[in-house]
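Its first residue numbered 1, the sequence shown is counted upward by one per residue in UniProt numbering.
Just so you know, even glycine gets a beta-carbon here, dropped at the ideal spot from N, CA and C.
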Amino acid sequence: MLFMFLVGVKIDLNSVKHSGKRGLAIGLCCFFLPLLLNTSVALLLQRTVKMDPVLNKSIISIAVFQSSSSFHVTTCLLADLKLLNSELGRLAVSSSMISGMLSWCGLIMAFTVRQSSFGGDKALLFMALSLCFVVILIVFVMRPIMRSIVRHTSMWRGIKEKYTFSIFLMVLCCAFLGEFIGQHFMLGPMVLGLVVPDGLPLGSALVDKLDSYVSLILLPGYFVLSGAAIDVHSVSMKTFAVVWLFVICSFFAKLTGAMVPSLLCKMPLVDALSLGLVVSAQGITDILIWQNGMMLLVRINFSLISLLPIL
Numbered sequence: 001m002l003f004m005f006l007v008g009v010k011i012d013l014n015s016v017k018h019s020g021k022r023g024l025a026i027g028l029c030c031f032f033l034p035l036l037l038n039t040s041v042a043l044l045l046q047r048t049v050k051m052d053p054v055l056n057k058s059i060i061s062i063a064v065f066q067s068s069s070s071f072h073v074t075t076c077l078l079a080d081l082k083l084l085n086s087e088l089g090r091l092a093v094s095s096s097m098i099s100g101m102l103s104w105c106g107l108i109m110a111f112t113v114r115q116s117s118f119g120g121d122k123a124l125l126f127m128a129l130s131l132c133f134v135v136i137l138i139v140f141v142m143r144p145i146m147r148s149i150v151r152h153t154s155m156w157r158g159i160k161e162k163y164t165f166s167i168f169l170m171v172l173c174c175a176f177l178g179e180f181i182g183q184h185f186m187l188g189p190m191v192l193g194l195v196v197p198d199g200l201p202l203g204s205a206l207v208d209k210l211d212s213y214v215s216l217i218l219l220p221g222y223f224v225l226s227g228a229a230i231d232v233h234s235v236s237m238k239t240f241a242v243v244w245l246f247v248i249c250s251f252f253a254k255l256t257g258a259m260v261p262s263l264l265c266k267m268p269l270v271d272a273l274s275l276g277l278v279v280s281a282q283g284i285t286d287i288l289i290w291q292n293g294m295m296l297l298v299r300i301n302f303s304l305i306s307l308l309p310i311l
């Protein structure tokens, strides 16, 4: 939850506005090519290969999930490589945000439809309206509050503890609202992080307070718990081979979707290849998406789900 909020704080939404035609083309290609290729392969396998009934029923959902993109992973990878503020890094962030937002919108719609299927006839309408209400609450209520905090804080002085505490309460409130309306708890904090005013004094102060705690304490603990739940021996080789095929197809589709528009825009081959490798990366966000998808859309081995981003 705090990780998703923190990454949202670090992301500058203005990069999407100034992405240009090249970033837009790369983002659209990185979204549609993996989706089309994985879906086509899934339909072909479903008709021609005899597989486990659970896998056969879930194979379309697995293909769609594996083709999704996450700009959080791209941003963290570029930050670790010290390339976030480079020209290549800005292009990677803008293009991955376009493909990532399309992926997230699709996944949110899928989660909403699936969750509403457990309720009555009006459950879908209720969940859609509730989701819109949460977004409106964050954008038109919580964001103005944070802007007011910025106005009452000196540019070179630290944020008062009461302001920091109030923002943490907003994060918890957004997580609770997300769970209450049937979405994943990380949806609200992610949206809240995106609307936090960039830079000094608020955005930078939140990053300074949370970065070390989240990166050095919370994330390693999450990795240990996820790794402890993996049982490699419970994964059959046939199921592994089928799902591994989607990993390969998705990787090469994203790589191609990033390289071809870049080369057409006269980008050097090495830079185009580097861009393709960066936007094809998977990480912790994908594990969270898979775990939630496993509960709602995909009924498949947890160990295999956790191994996919690693592979």
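The three-state secondary structure of T153, taken from DSSP, is coil. Within the same chain, A63, V64, Q66, S67, F246, C249, S250 and A253 come within 8 Å of N38 by CB-CB distance, once the 5 residues on both sides are set aside. The closest CA to that of E179, considering only S280, S130 and V49, is found on S130. Nearest neighbour of K162 by Cα position, chosen from M146, F126, L84 and L263, turns out to be M146. For the 9 Å CB-CB criterion, A272 and S95 do not form a contact. By the Cβ-count criterion, D208 is exposed, with fewer than 16 other Cβ atoms from all chains shown falling within 10 Å of its own Cβ. Spatial neighbours of A25 in its own chain (CB-CB distance under 6 Å, excluding positions within 5 residues in sequence) are listed in chain order as P261. Straight-line spacing of the CA atoms in V195 and I136 works out to 11 Å.
Taking M142 as the centre and dropping the five residues before and after it, the same chain places the C-beta of M170 closer than 6 Å to its C-beta, in chain order. Going by DSSP, V196 is part of no alpha helix (DSSP H) at all; its letter is neither H nor E. Under the DSSP assignment, P268 falls outside any alpha helix (DSSP H); it carries neither an H nor an E label. In the structure shown, N56 falls within a helical segment according to DSSP collapsed to helix, strand and coil. With contacts defined by Cβ atoms closer than 9 Å, I149 and L202 form a contacting pair. For I167, the uninterrupted alpha helix (DSSP H) run begins and ends at E161 to F180, by DSSP. Annotated as proximal: P34 and S69, with beta-carbon spacing under 9 Å.
Under the 10 Å beta carbon count, T285 is surrounded by 16 or more other beta carbons and is classified as buried.
Apart from the 5 residues on each side of it in sequence, L102 sits with its Cβ closer than 6 Å to the Cβ of F31 in its chain, given in chain order. Excluding the 5 residues flanking it on each side, M4 has same chain C-beta neighbours closer than 6 Å at M186, P189 and M190, in chain order. Rounded to whole angstroms, the gap between the alpha carbons of V139 and I108 is 18 Å. I287 has its alpha-carbon roughly 15 Å from the corresponding atom of W244. Listed in chain order, the non-local C-beta contacts of K10 below 7 Å within the same chain comprise T75 and V207, local neighbours out to five positions each way being set aside. For I26, the uninterrupted alpha helix (DSSP H) run begins and ends at G20 to T48, by DSSP.
Secondary structure note for H233: it is in no alpha helix (DSSP H), with a DSSP letter that is neither H nor E. Distances from the CA of P144 to each of A79, L218 and L192 were compared; the closest alpha carbon is that of L192. At the C-beta level, G23 and I98 come within 9 Å of one another. As summarised for the segment 57-108, the continuous alpha helix (DSSP H) elements at least 4 residues long and confined to that stretch are 71-80, given in chain order.
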